[in-house]
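Sequential numbering of the sequence shown, starting at 43, is according to the numbering used here.
Each residue gets a CB set at the ideal place from its N, CA and C atoms; glycine is no exception.
Inspection log for the structure reproduced underneath, given as structure tokens.
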Amino acid sequence: MAMTDQQFVETVVQAIVSHPEDVTTERKVDEMGVLITLHINPEDMGYVIGREGQTARAIRTLLRIVGAKNNARVNLKIHEPEGSRGPRRTETSSAPATPIDTSMVDDFQL
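Pasting the structure below:
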């Protein structure tokens, strides 16, 4: 028997998180296709998202392939509980949090 798209997501995510017992999904079908919403333990968010979103992107790619086998457009939404994410680092704020002491080289001459 073939695995459903929802079972696929649960199986893959349970294999990579620290709290597999907290993995649940909701499946909704509308005119846009299938939307699977993934609920996980907030501590596991980093495992599922991955560095720069690579793991989430890979899961979504595989899920689209599973959906295509069944002639369905399948998307994955990762539910993010309020306050689960720390402050995001932005590319523009590259200044160090504390100033660097440059007094030793301020009068340096060549």
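A check of alpha carbon separations from threonine 66 across Ile107, Glu73, Lys119 and Gln96 identifies Lys119 as the nearest.
The residues Val55, Val59, Asp64, Val65 and Val90, in chain order, have a CB closer than 7 angstroms to that of isoleucine 82 in the same chain once the five nearest residues on each side in sequence are set aside. Counting only the Cα atoms, glutamate 122 lies some 16 angstroms from glutamate 94. Bounds of the beta strand (DSSP E) holding glycine 75 are 75 to 81.
Going by DSSP, aspartate 47 is part of the alpha helix (DSSP H) stretching over 47 to 58. Spatial neighbours of alanine 98 in its own chain (CB-CB distance under 8 angstroms, excluding positions within 5 residues in sequence) are listed in chain order as Val90, Ile91, Gly92, Leu118 and Ile120. Nearest C-alpha to glycine 88 among His61, Gln49, Asp47 and Val71: His61. 8 angstroms or more divides the Cβ of alanine 100 from the Cβ of glycine 75.
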